[in-house]
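**Student:** Got a structure for you, written out below as structure tokens; questions coming shortly.
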Amino acid sequence: MAESSAAHEHHPSGSLKETLTSITIAFAVAFIFRAFVIEAYVIPTGSMAPTLMGAHVRMHDDQTGEDWPVNYDATYGAQVMSTSGKTFHSPSTGTEVTAPRPFTKKNVRWGDRILVEKFLPFTPGPKRFDVVVFKAPHQPFENYIKRLIGLPHELVALVDGDVFVRKDDKATPPGGDYWSLDGWQIQRKPERVQRAVWQLVFDSRLVPLQPTRDGRRWFKTPWTGDTSWDTSKSAYTYSGSGATELIWDDTIMSIDDAYPFNEDRSGHPVFPVSDIRMVASIRPENAGLATSAVIEARQHEFRMDISGDTKGRTVTLRMRSAPKAVEGSGEPDPTPGDWVEMATAKLSSSTLAPGKPTVVEFWHVDQSLQAWVNGKKIASAEYNWQPHERADNATTTSRPHRVQNTPLKDGSVYRRPHIRWEFDKGPLTVEYAVVERDLHYQAPPTASRARATHPRFPAVTGKDGYFFCGDNSPGSLDCRLFGLDGNELVNPWVPYTVDGANTPFDERVKDGIVPGDLLLGRAFFVYLPSIERFMGSAPVIDFGRMRWIW
Numbered sequence: 035m036a037e038s039s040a041a042h043e044h045h046p047s048g049s050l051k052e053t054l055t056s057i058t059i060a061f062a063v064a065f066i067f068r069a070f071v072i073e074a075y076v077i078p079t080g081s082m083a084p085t086l087m088g089a090h091v092r093m094h095d096d097q098t099g100e101d102w103p104v105n106y107d108a109t110y111g112a113q114v115m116s117t118s119g120k121t122f123h124s125p126s127t128g129t130e131v132t133a134p135r136p137f138t139k140k141n142v143r144w145g146d147r148i149l150v151e152k153f154l155p156f157t158p159g160p161k162r163f164d165v166v167v168f169k170a171p172h173q174p175f176e177n178y179i180k181r182l183i184g185l186p187h188e189l190v191a192l193v194d195g196d197v198f199v200r201k202d203d204k205a206t207p208p209g210g211d212y213w214s215l216d217g218w219q220i221q222r223k224p225e226r227v228q229r230a231v232w233q234l235v236f237d238s239r240l241v242p243l244q245p246t247r248d249g250r251r252w253f254k255t256p257w258t259g260d261t262s263w264d265t266s267k268s269a270y271t272y273s274g275s276g277a278t279e280l281i282w283d284d285t286i287m288s289i290d291d292a293y294p295f296n297e298d299r300s301g302h303p304v305f306p307v308s309d310i311r312m313v314a315s316i317r318p319e320n321a322g323l324a325t326s327a328v329i330e331a332r333q334h335e336f337r338m339d340i341s342g343d344t345k346g347r348t349v350t351l352r353m354r355s356a357p358k359a360v361e362g363s364g365e366p367d368p369t370p371g372d373w374v375e376m377a378t379a380k381l382s383s384s385t386l387a388p389g390k391p392t393v394v395e396f397w398h399v400d401q402s403l404q405a406w407v408n409g410k411k412i413a414s415a416e417y418n419w420q421p422h423e424r425a426d427n428a429t430t431t432s433r434p435h436r437v438q439n440t441p442l443k444d445g446s447v448y449r450r451p452h453i454r455w456e457f458d459k460g461p462l463t464v465e466y467a468v469v470e471r472d473l474h475y476q477a478p479p480t481a482s483r484a485r486a487t488h489p490r491f492p493a494v495t496g497k498d499g500y501f502f503c504g505d506n507s508p509g510s511l512d513c514r515l516f517g518l519d520g521n522e523l524v525n526p527w528v529p530y531t532v533d534g535a536n537t538p539f540d541e542r543v544k545d546g547i548v549p550g551d552l553l554l555g556r557a558f559f560v561y562l563p564s565i566e567r568f569m570g571s572a573p574v575i576d577f578g579r580m581r582w583i584w
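Numbering-wise (my numbering), the sequence shown opens with residue 35 and increments by one.
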């Protein structure tokens, strides 16, 4: 009994020692894990909005229920964002919404908290369109987060909002026009990335509760039809039986790269966007309804046609050149080009069945066409223009003028898209109609020739360089602008970090490219979305916005 009692008396000290050892090991593992595997970061700014949110204020429209973020820039917030009762506009309706009173830091949601997977020698390296945290050459003591656009050994061109790359073979372009070289390839985003970056232009379900004011209707949908259409509600009904159209009225709402997030900041240019996603939930009343989604853009017409009956239906993707002005006359040529059938596929007999809604989507993105039915991709096709062809079709500028001047940073030289839905054999109901647009990497007006946005100045990544852009293109300081128009190019600390002491610094940094040594890791998850405090109360966490990062 005595021995047992003595052993029992010494047990607590052993237990305490084991506990302290376990805690020490746990801390060591945590620090090692943080240093080499996964680390948490906070999004500081809105350069990746709306994919990732920095400090912002969420606005709410009581008429539609729409909720959207507006930028809060702490550097000038006291002068701009603290103004009590500042007015903003609902993205879908244009409704004036007054900011919270007082509009102070108590209403601000701070940046998303994200998890970042470190790049290690034995793990996969960065891939194009990854969201990456890195140290910028001009500001190495701050973490930047952008989307990866260009990889090593590439030339990068941003043309009409899309990404083109070419192997850097040191070829000399005629007249300095790199876009005229052969071998360029457009870079198409993976489906998960594409779905994550679609940005809402209009959703018919966001209809004001009171669309009339003082006896007059102040809200009007951009979708217009003939007198047989009723578009006054969220669902559009057609009572006729013949062929009809729903046409997008660009004078009511244009399809461009305007960011509601940036409304408080002036001076951002606006560019038309032709990479568009059209969605409609269609419920026919009779069998045999035929429908088409049509996008007229870049001097071409792109179509998705669904035809047939209950015995068999087919979807067809096709394109043709649109009528163009006869050279020297200024008059349009009434004869369009021949149709090119790009893809066709069979559909289920239940597609567009009477009394049942069918969700139909038409994607025109990254020089590709895609047909989706009830969430499933049915057909797809691609067309492959070189950068100079894309600029020829997307703008009103001539090739010599583009090379010698800087017209591409002016949004007015870009041709606007036009879209419509066509139907035959009504009546029918469009239960909802949605229009979204793609990311659009624009040529910033603040630089005379922003990197990768001018035919004479592609981004040259070199042997170990990477090119990054922010999803909020007009509000992002990224590789397009590093070192241009007064922006600092390289911090003196960087050469010794990248190349080692007493080693000549690699000249590629002077091209605004980020060396691989400055990449930290790939962002993959928002574990703590933007936190809000209500008038000094405890923090409120929006768990519904936890998400994977694509």
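Where is the CB? At the ideal position from N, CA and C, for every residue including glycine.
1. Around the Cβ of A74, are there at least 16 other Cβ atoms within 10 angstroms (buried) or fewer (exposed)?
2. Please state the DSSP three-state secondary structure of Y272.
3. Helix, strand or coil: how does DSSP classify E395 here?
4. Between which residues of its own chain and P370 is the CB-CB distance below 8 Å, once the five residues before and five after are set aside?
5. Apply the 10 Å Cβ neighbour rule to I148 and answer buried if 16 or more other Cβ atoms are within range, or exposed otherwise.
6. Opposite H123 in the DSSP bridges: which residues?
7. Does DSSP put P224 in a helix, in a strand, or in coil?
8. Tell me the rounded alpha-carbon separation between R436 and T258.
9. To the nearest angstrom, how far is the alpha carbon of T127 from that of P294?
10. Secondary structure at T344, three-state DSSP: helix, strand or coil?
11. Nearest to K459 by alpha carbon, out of L185, P242, P207 and R317?
12. Assuming V167 and L554 form a contact by the criterion Cβ under 8 Å, report the distance between their Cβ atoms to the nearest whole angstrom.
13. Residue range of the alpha helix (DSSP H) that E423 falls in?
14. Measure the CB-CB distance between G217 and K204 and report whether it falls below 8 Å.
15. Hey, Y466 and R239: beta-carbon distance below 8 Å or not?
16. Just to confirm, does K345 get its C-beta within under 7 Å of one of the non-hydrogen atoms of the ligand SAH?
17. Nearest-angstrom Cα distance between W455 and F502?
18. Closest to L518 by C-alpha separation, out of D505, D498, A486 and G499, would be which residue?
19. Which whole-angstrom value is the C-beta distance of M93 and F122, which I expect to be below 8 Å?
20. Just tell me which of T431, E225, P303 and R311 has its CA closest to the CA of W584.
21. Determine the extent of the alpha helix (DSSP H) in which R311 is found, giving its start and end residues.
22. What residue from T325, I281, T265 and P489 has the CA that sits closest to T385's CA?
23. Quick one: Cα of A331 to Cα of K169, how far?
24. Count the other CB atoms, across all protein chains shown, that sit within 10 Å of the CB of V374; report buried if there are 16 or more and exposed otherwise.
25. Could you name the residues of the same chain whose beta carbon sits closer than 6 Å to that of L552, not counting the 5 residues immediately before and after it, in chain order?
26. Let me know the secondary structure DSSP gives H172 once reduced to three states.
27. Alpha carbon to alpha carbon, how far is S382 from F396?
28. If you reduce the DSSP assignment to three classes, tell me which class D551 lands in.
29. Could you spell out where the beta strand (DSSP E) holding P103 opens and where it closes?
30. Does F295 come out as helix, strand or coil in the three-state DSSP assignment?
31. Using 8 Å as the cut-off, can you tell me whether the segment 149-159 makes contact with the segment 472-485, which would need three or more C-beta pairs spanning the two stretches below that distance?
32. Is the segment 491-501 touching the segment 176-191 in the sense that three or more CB pairs, one from each, lie closer than 8 Å?
33. Using the Cα positions of D194 and L185, report the straight-line distance between them to the nearest angstrom.
34. Does P245 come within less than 8 Å of chain E when only Cβ atoms are used?
35. What is the residue span of the beta strand (DSSP E) that Q438 lies within?
36. Among residues of its own chain, excluding the 5 on either side of T429, which ones have a beta-carbon nearer than 6 Å to its beta-carbon?
**Tutor:** So, from the data block:
1. exposed
2. strand
3. strand
4. E335, R354, S355, A356 and P357
5. buried
6. E130
7. coil
8. 37 Å
9. 12 Å
10. coil
11. R317
12. 4 Å
13. P421 to A428
14. no
15. yes
16. Looking for the ligand SAH in the displayed structure turns up nothing, as the structure carries no ligands at all.
17. 37 Å
18. A486
19. 5 Å
20. E225
21. Looking at the DSSP string, R311 is not in any alpha helix (DSSP H); the run it does join, the beta strand (DSSP E), is I310 to P318.
22. T325
23. 39 Å
24. exposed
25. F168 and K169
26. coil
27. 17 Å
28. helix
29. D101 to N105
30. helix
31. no
32. yes
33. 20 Å
34. In the structure shown, chain E cannot be found, because there is only a single protein chain.
35. Unbroken run through Q438 is the alpha helix (DSSP H), R433 to Q438; no beta strand (DSSP E).
36. V447 and Y448
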